[in-house]
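S.K.: Pasting in a structure now, in structure tokens, and then I'll have a few things to ask.
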Amino acid sequence: MPDTAPTIDLQLPPLLDHGPRRARTLMIQGTASDVGKSLLVAGLCRAYSRRGLVVRPFKAQNMSNNAAVTADSDLPPDANGEQPGGEIGRAQALQARACNVAPSIHMNPVLLKPQTNVGSQVVLRGRALGNCPARVYHQMRQGMMPAILDSFERLCAEADLVLVEGAGSGAEIYLRDCDITNMYFAEQAQVPVIVLGDLDKGGTMASLVGTWLLLDEADRKRVVGYLVNKFRGDFSLFEPACDTITQITGWPFRGVLRWFEGAARLPAEDSLALERPAEGDWANGSGSGSGSGSINIAVPRLSRVANFDDLDPLAAEPAVNLRWIQPGEPIPVETDVVILPGSKATRVDLETLRREGWDIDILAHVRRGGRLLGLCAGFQMLGQVVRDPEGIEGAPGETPGLGLLEIETSIGGDKRLLDLDLTDQRSGCRVTGYEMHMGRTRGTGLERPWLLLDDGQGGVRAEGAISSDGRVMGGYVHGIFASDGFRAHWLEQVGARAAALDFEQRIEAALDALADHCEANLDLDALLTLAR
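Counting from 317, one number per residue, gives the positions in the sequence shown under our numbering.
In structure tokens form, the structure reads like this:
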């Protein structure tokens, strides 16, 4: 990983003169990470959109390996003339969906995808610039500010209301000089700020007053009030604390958002969600379902797990007991299917498999006749070797795979970012999803593809690989199980029956319920008057 910022021609289009701003704007900053900023913005996006406003979400910088593909891009066409898409954080894609619009690179112009404990891949307006350590990225950030403000103004030019999400805590004043996503952004973009506290964690009074104490006078004046999130119980007991907070800070109390039970039905942004035990565990672990389903699916919790919401549709099936296997735990012998999910660092997570002994468990599982599926990086792990000669995901080198498919992968080349809506000839099912990877996979195993995708224009694309006995399979398509017909077909192949579940409608219903929750708990008319 380089010690200096990568020297790359950004090839961005000229920054636009957008003229007078059309949209009102309002920013939600938090007292900490995971206080519920993303969920609140999604709920407000849907609520205000239902009122007839043109709403757009915006987050200047996001850090997540859970990403989504956008159709728009600042990238030129590839060698085949195909226009690549961009990528943004999954939370902003969900917020775009709440607004009933397609996701755009301008909704999250900077995305950091952690690859090591001290470094990330940096994505600017959908384009991967390269990998660098945190200290180098801090040197780069201010240079990105013109592009960030341009993206923000593009959204403001097309919307009535832009809801801005901060990152982590807005009171990290040691980062103020190089901040691009909290108070410095609010200053540059002239956006009013609401501070959000989390009562579920405790310490809400201290975190809100502490935020005020740390901010300078100019930043304090940018705050137009505060909200309390995730409350359970009798709020009258907390009202004296609100009086004290307002007395000390001068910030008006703008309302309390009670605990939203439907949050689990929406895609999580942070992999920390995978560490929270769910009800109905099976084999004494952390899982989903009642434990009475007909099939047990185990998913190793990789150190650099990415796009883990690929598994949400399976977890929603009553017939499925899905468990994320935590470090230090073996893969249970009761497992029917092991799924290797995506990862931002394939070779690193191959080492994770071996360090945890999961490779031994997986090979034993396959010998017993169990089924194994690899998605994206998980697919790469099933092959003979993964090479990274340029050190794109870490130190240059190569790592042996699990050796279960006759394929090998080289990490390199341009990142493939592509939305898919095709038909699988083998199953006869519609397949929707997306590709997001840099690896190129070759080998005789590809001669036996997992899917045969018919693009509706006379072309057929072989996707992935499957073993001769049909029990080990994988491919590059993320989000494939959100396709109800294909999910039902796959579950039947592995010995389970799908419920009559419309997964996309389930998400829509959850967004509507979240908007109803915001309407019932908050004075949305008053919040709208604070936007300017």
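Where is the CB? At the ideal position from N, CA and C, for every residue including glycine. Because the structure is a prediction, the values reported are computed rather than measured.
If you draw a straight line from the alpha carbon of residue 571 to that of residue 372, how long is it in whole angstroms?
M.R.: Straight-line Cα distance between these residues: approximately 23 Å.
S.K.: Taking C-beta to C-beta, are residue 345 and residue 541 nearer than 8 Å?
M.R.: The answer is no: Cβ separation not under 8 Å.
S.K.: By the three-class DSSP mapping on this structure, what secondary structure does residue 596 have?
M.R.: Model confidence at residue 596 stands at a pLDDT of 44, short of 50, so the residue's coordinates are unreliable and nothing is read from them.
S.K.: Could you give the DSSP three-state label for residue 359: helix, strand or coil?
M.R.: The answer is helix: DSSP assigns residue 359 an H, G or I state.
S.K.: Does the count of Cβ pairs from the stretch 645-663 and the stretch 620-632 closer than 8 Å reach three?
M.R.: Because the criterion of three Cβ pairs below 8 Å is met, the stretch 645-663 and the stretch 620-632 touch.
S.K.: Identify whether residue 324 lies in helix, strand or coil by the three-state DSSP scheme.
M.R.: Note that residue 324 scores a pLDDT of 43, beneath 50, so its modelled location is shaky; the value from the coordinates is reported in the next line. Coil, per DSSP.
S.K.: Report all residues from its chain with a CB closer than 7 Å to the CB of residue 743; omit the five preceding and five following residues, and keep chain order.
M.R.: Counting only Cβ-Cβ distances below 7 Å, and skipping sequence neighbours, we find 802, 805.
S.K.: Report the start-end ranges of each beta strand (DSSP E) in the stretch 362-441 that is 3 residues or longer and not cut off at the edges.
M.R.: Listed in chain order, they are 371-374, 377-379, 383-386, 402-405, 426-430, 435-440.
S.K.: Round the Cβ separation of residue 794 and residue 751 to the nearest angstrom and send it over; I've been treating them as touching at under 8 Å.
M.R.: At roughly 7 Å, the Cβ-Cβ gap stays under 8 Å, so residue 794 and residue 751 are in contact.
S.K.: In whole angstroms, give me the CA-to-CA distance for residue 420 and residue 409.
M.R.: Going from the Cα of residue 420 to the Cα of residue 409 covers about 8 Å.
S.K.: Would you mind working out which of 347, 377, 384 sits nearest residue 625, comparing C-alpha positions?
M.R.: Among 347, 377, 384, the Cα nearest to that of residue 625 is on 384.
S.K.: For residue 381, count neighbouring C-beta atoms within 10 Å of its own C-beta (all shown protein chains included) and say buried if the count is 16 or more, exposed if not.
M.R.: The residue in question, residue 381, is buried, as its Cβ has 16 or more Cβ neighbours within 10 Å.
S.K.: How many angstroms separate the CA atom of residue 514 from the CA atom of residue 575?
M.R.: Answer to the nearest angstrom: the Cα atoms are 10 Å apart.
S.K.: Based on DSSP bridge pairs, tell me the residues matched to residue 345.
M.R.: The partner list for residue 345 (beta bridge, DSSP) reads 511.
S.K.: By Cβ distance below 6 Å, which residues in the same chain neighbour residue 547 in space, the five residues on each side in sequence not counted?
M.R.: Once the five neighbours on either side are set aside, the close Cβ partners of residue 547 are 515, 572, 574.
S.K.: What are the start and end residues of each continuous beta strand (DSSP E) run of 3 or more residues lying completely inside the stretch 724-774, in chain order?
M.R.: You should have 724-740, 745-758, 767-770.
S.K.: Starting from residue 837 and walking both ways along the alpha helix (DSSP H), at which residues does that stretch end?
M.R.: 819-837 is the span of the alpha helix (DSSP H), which, as asked, contains residue 837.
S.K.: Ignoring anything shorter than 4 residues or poking outside the stretch 508-567, list the alpha helix (DSSP H) runs there in chain order.
M.R.: Here the runs fully enclosed are 520-530, 533-538, 555-565.
S.K.: Measure the beta-carbon distance from residue 754 to residue 689 and round it to whole angstroms, keeping in mind my assumption that it falls under 8 Å.
M.R.: Not confirmed; about 21 Å, so no contact.
S.K.: My output table needs one value for residue 616: the three-state DSSP class, helix, strand or coil.
M.R.: Of the three classes helix, strand and coil, the one that applies to residue 616 here is strand, per DSSP.
S.K.: Over what stretch of residues does the beta strand (DSSP E) that includes residue 718 continue unbroken?
M.R.: That residue, residue 718, is in no beta strand (DSSP E); it is neither H nor E in DSSP.
S.K.: With 16 other CB atoms within 10 Å as the buried threshold, where does residue 359 fall?
M.R.: Residue 359 is buried by the Cβ-count criterion.
S.K.: Spatial neighbours of residue 703 within its chain, please: CB distance less than 6 Å, with the 5 preceding and 5 following residues excluded, ordered by chain position.
M.R.: Within the same chain, residue 703 has close Cβ partners 714, 726.
S.K.: Less than 8 Å between the C-beta atoms of residue 782 and residue 764, yes or no?
M.R.: It is a contact, given that the beta carbons lie within the stated cut-off.
S.K.: How is the alpha helix (DSSP H) around residue 640 delimited, first residue to last?
M.R.: Where residue 640 is concerned, there is no enclosing alpha helix (DSSP H), although the beta strand (DSSP E) it sits in stretches over 636-641.
S.K.: Just verifying my parser: in three-state terms, what is the DSSP assignment at residue 692?
M.R.: Three-state DSSP puts residue 692 in coil, outside helix and strand.
S.K.: So, using beta-carbon positions, are residue 708 and residue 498 closer together than 8 Å?
M.R.: It is not a contact, given that the beta carbons lie outside the stated cut-off.
S.K.: In this structure, how does DSSP classify residue 449 when only helix, strand and coil are distinguished?
M.R.: In this structure, residue 449 counts as strand in the three-state DSSP scheme.
S.K.: Taking residue 822 as the reference, give the member of 580, 426, 538, 520 with the closest Cα.
M.R.: Ranking 580, 426, 538, 520 by Cα distance to residue 822 puts 580 first.
S.K.: Name the two residues that bound the continuous alpha helix (DSSP H) containing residue 664.
M.R.: It spans 662-671 - the alpha helix (DSSP H) in which residue 664 sits, taken as one unbroken run.
S.K.: According to DSSP, is residue 481 part of a helix, a strand, or is it coil?
M.R.: Residue state, collapsed to three classes: strand.
S.K.: Quick check on the DSSP output: the alpha helix (DSSP H) that includes residue 842 runs from which residue to which?
M.R.: Start and end: 840-846.
S.K.: For residue 422, which residues in the same chain have their Cβ closer than 6 Å to its Cβ, ignoring the five residues on either side in sequence?
M.R.: Taken in chain order, the residues that qualify are 467, 470, 471.
S.K.: Using the rule of at least 16 other Cβ atoms within 10 Å of the residue's Cβ for burial, across every protein chain shown, is residue 551 buried or exposed?
M.R.: By the neighbour-count rule (16 or more Cβ atoms within 10 Å), residue 551 is not buried but exposed.
S.K.: For residue 459, which three-state DSSP category applies?
M.R.: It is helical.
S.K.: Could you work out which residue in 560, 583, 535 is closest to residue 820 when comparing CA atoms only?
M.R.: That would be 583, whose Cα lies nearest to the Cα of residue 820.
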